[in-house]
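Residue numbers (our numbering): 29 to 474.
Single-structure report; data block below.
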Ligand code: TRP
């Protein structure tokens, strides 16, 4: 048996899990989906998904992980021997690759934007849309930065759990929060900002399509790092005396807060600067530089912001990589170093296709999506909810209630008043909701 590293104390686990949850999903992905799906109504759907599905699944994943004390794949082998539940772990490994392929590309964009801020080349020609598009459709530059992002991630993963993941999250996540608040203040005080606030906060349900519900659900899973065993793996590092329920609440709460703040920082500014809210994956990268230009000391804020964003992306990407690396180390007996290098190489190959599909090889399309969007769609809207579905069935219907209750109450030492609600959600609401969204979406278009 290997002795598992564990997070030190309460703040450690919250910081690490929040470090995984908070990332490009909140600041890049959430605003752009929100902008394409009518604003406020999408925000509401997203928040409902966080509370009704995200929280219960996070608790379920934490419980499985801490009980089994192992990576996601082994956890199901330990808890349900000779049953196919371990396939959830296998699916998680696939999802880790598909997510990392585009995540590392966007991580690379943040590095480019750090460099642009430091070298002050952003404000020379004011057209941020043009600057963004010509950068991501280039050939070698996005790839080089993507590669750099992967190298950084893997260096941290190699250093092991406690040193790498925990210490970086502890200091930098609170800093990101503070900086975002400053950006929000600037954004809402720009002339013409109110329209953007209305867009974000006043739900207009006529703008929702069947697809929006699937996207909001996928975003809730993506944002909280759920459905692929990430929080199972992290749960295995949580000490027995820690309270899982309040930790999960804190993580989900902070995560949703950061997403909302990102929305408040971006939409008022976008409306004020005349940027279309539905301009897609570039929204944050186009709007924020425009706003920094309007700020005293803008380039300093810009440097700080993109650096923190890059670090937030790193703490998320290491959690994704950790899922695969811990599998390779613990199941396939590959040493940590070579395992990490192997995984990095595979991700880079897949990631190259994602990057290049945005410009050089636009013909790389399947089902009307370029390779980048396809990987995102498959991961967030299919693999994660399917994983979440089976995790909820497993904890709700298969795993002995005694075991789950023991985890959720830390061996009976803490009271968990929401236990009945938790069981109601995980047994009925979560699986039925996921199935309903799938059926209504895929039958309707099919
Ligand atoms: N939640 C992270 C973000 O919002 C991304 C992420 C990390 C993730 N680990 C994950 C997404 C596991 C899905 C599953 O940026």
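Ideal placement from N, C-alpha and C gives every residue a C-beta, glycine not left out.
The structure presented is a predicted model; accordingly, all values stated were derived computationally and were not measured.
Closest residue to residue 253 among 460, 450, 87 (Cα-Cα distance)
Nearest C-alpha to residue 253: 87.
Residue range of the unbroken alpha helix (DSSP H) whose run includes residue 456
Premise fails: residue 456 is in no alpha helix (DSSP H) and is neither H nor E.
Among 76, 452, 157, whose alpha-carbon lies nearest the alpha-carbon of residue 303?
Checked all of 76, 452, 157; the closest Cα to residue 303 is 157.
By Cβ distance, which residues of its chain are closer than 7 Å to residue 365, with the 5 residues on each side in sequence left out?
Cβ-Cβ distances below 7 Å link residue 365 to 186 in the same chain, with the five nearest sequence neighbours on each side left out; the list follows chain order.
With a threshold of 8 Å between beta-carbons, can residue 54 be considered close to chain B, or not?
Of the protein chains in the structure, only one exists, and it is not chain B.
Going by beta-carbon coordinates alone, are residue 469 and residue 238 separated by less than 8 Å?
A contact, by the Cβ cut-off of 8 Å.
Skipping 5 residues on each side, what residues in its chain have a beta carbon closer than 7 Å to that of residue 43?
Within the same chain, residue 43 has close Cβ partners 194, 197, 198, 201.
How far does the alpha helix (DSSP H) with residue 270 in it reach, from first residue to last?
Looking at the DSSP string, residue 270 is not in any alpha helix (DSSP H), and its letter there is neither H nor E.
Could you give the distance in angstroms between the alpha-carbon of residue 226 and the alpha-carbon of residue 59?
Linking residue 226 to residue 59 through their CA atoms gives a straight-line distance of about 14 Å.
Measuring only the C-alpha atoms, how far is residue 297 from residue 440?
The C-alpha of residue 440 is placed about 49 Å away from the C-alpha of residue 297.
Looking only at its chain, what residues have a beta carbon closer than 6 Å to the beta carbon of residue 442, apart from the 5 residues adjacent to it on each side?
Result list for residue 442: 271, in chain order.
Anyone know if the C-beta pair for residue 256 and residue 411 falls short of 8 Å?
Yes, Cβ-Cβ distance for residue 256 and residue 411 is below 8 Å.
Name the residue from 409, 414, 417, 385 whose alpha carbon lies nearest to the alpha carbon of residue 400.
Relative to the Cα of residue 400, the nearest Cα in the group 409, 414, 417, 385 belongs to 385.
Between the CA atoms of residue 247 and residue 74 - distance to the nearest angstrom:
When rounded, the distance between both Cα atoms is 7 Å.
Exposure of residue 460, with buried meaning 16 or more beta-carbon neighbours within 10 Å:
Classification of residue 460: exposed, given that the 10 Å Cβ count is below 16.
Secondary structure of residue 397, DSSP reduced to three states
Correct three-state label for residue 397: strand.
Whole angstroms is fine: what's the gap from residue 458's alpha carbon to residue 250's?
C-alpha of residue 458 to C-alpha of residue 250: approximately 16 Å in a straight line.
Checking 8 Å against the spacing of the C-beta atoms, do residue 139 and residue 177 come in under that value?
A contact, by the Cβ cut-off of 8 Å.
Within the stretch 388-447, ranges of the alpha helix (DSSP H) (whole runs, at least 4 residues):
Within the stretch 388-447, the complete alpha helix (DSSP H) runs of at least 4 residues are 399-404, 412-421, 429-436.
In terms of residues, what are the limits of the alpha helix (DSSP H) holding residue 351?
Element bounds for residue 351: 326-359.
Taking the alpha helix (DSSP H) that residue 366 belongs to, which residues open and close that run?
For residue 366, the uninterrupted alpha helix (DSSP H) run begins and ends at 364-384, by DSSP.
When you compare only the Cα positions, how much space is there between residue 45 and residue 184?
The C-alpha of residue 45 lies about 16 Å from the C-alpha of residue 184.
How close, in whole Å, do the beta carbons of residue 280 and residue 82 come, if the pair is a contact with beta carbons under 8 Å?
Contact check for residue 280 and residue 82: beta-carbon distance about 6 Å, within the 8 Å limit, so the pair qualifies.
Where does the unbroken alpha helix (DSSP H) through residue 131 begin, and where does it stop?
Here the alpha helix (DSSP H) through residue 131 covers 115-146.
Between which two residues does the alpha helix (DSSP H) carrying residue 321 extend?
Counting along the chain, the alpha helix (DSSP H) containing residue 321 begins and ends at 311-321.
Whose CA, out of 204, 232, 106, lies closest to the CA of residue 341?
Sorting 204, 232, 106 by C-alpha distance to the C-alpha of residue 341 places 204 at the top.
Taking the alpha carbon of residue 219 as the reference point, which residue from 91, 130, 319, 48 has its own alpha carbon closest?
Considering only alpha carbons, the answer is 319.
Mind reading off the beta-carbon distance from residue 368 to residue 353? Whole number of angstroms is fine, and I expect it under 8 Å.
The pair is a contact, with the Cβ atoms about 5 Å apart (cut-off 8 Å).
Could you work out which residue in 294, 421, 243, 265 is closest to residue 213 when comparing CA atoms only?
Distances from the CA of residue 213 to each of 294, 421, 243, 265 were compared; the closest alpha carbon is that of 294.
Buried/exposed call for residue 117, threshold 16 Cβ in 10 Å
It is buried - the Cβ of residue 117 has at least 16 other Cβ atoms within 10 Å.
Would you say residue 409 touches the ligand TRP, meaning its beta carbon is less than 7 Å from a heavy atom?
Distances from the CB of residue 409 to the heavy atoms of the ligand TRP are all 7 Å or more.
In this structure, how does DSSP classify residue 202 when only helix, strand and coil are distinguished?
If DSSP states are grouped into helix, strand and coil, residue 202 belongs with the helices.
Cβ-heavy atom distance, residue 332 to the ligand TRP, below 7 Å:
The nearest non-hydrogen atom of the ligand TRP is 7 Å or more from the C-beta of residue 332.
Count the other CB atoms, across all protein chains shown, that sit within 10 Å of the CB of residue 233; report buried if there are 16 or more and exposed otherwise.
It is exposed - the Cβ of residue 233 has fewer than 16 other Cβ atoms within 10 Å.
Going by DSSP, what residue range makes up the alpha helix (DSSP H) through residue 223?
Run containing residue 223: 222-229, per the alpha helix (DSSP H) assignment.
Taking 8 Å as the threshold (C-beta atoms), are residue 108 and residue 260 in contact?
No, Cβ-Cβ distance for residue 260 and residue 108 is not below 8 Å.
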